[in-house]
Amino acid sequence: MGYEELFEFSGSMFPPPPRHRCEVDFDECVLNPCENGGYCQNLPNVFHCECGINFSGDQCTIDCNDFYLYLGLVQLQFMLQLISYLILHIDDGPEIDWEHQQMDSDEEPIGANMDD
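In this text, residue positions in the sequence shown follow the numbering used here: the first is 68, and each later residue adds one.
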């Protein structure tokens, strides 16, 4: 009894396996999808681009130089804001109202029993 007969006999919901499996891999790197000097690696049914130091992305299309310039400017702005805040608040201390401080009943005020 072959697999097909067993399949028909058992009434299984799973189809029989294919008799042969043929896969053809197309070389996607032939089309040179990686831009800006990126190196293309052909993988089964997909490609992968190895980009240079100045570019990134799936096809090496994102210029990283602009990104790092923007990131540097944002960090500079943050540092200048932090420094200006610290300079403006350098002499700020806790404001304590000493006249309205309450003491425990067991304590005497400082200097109350000083003999003159």
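Don't be surprised by glycine CBs; every beta carbon is placed ideally from N, CA and C.
- In this structure the segment 123-135 touches the segment 101-113; the number of beta carbon pairs closer than 8 Å is three or more.
- With contacts defined by Cβ atoms closer than 8 Å, Y106 and E117 form a contacting pair.
- Distance from the CA of V97 to the CA of L149, rounded to the nearest whole angstrom, comes to 52 Å.
- DSSP, read as helix, strand or coil, puts I163 in coil.
- Linking G160 to D133 through their CA atoms gives a straight-line distance of about 42 Å.
- Counting along the chain, C96 sits inside no alpha helix (DSSP H), nor does DSSP assign it H or E at all.
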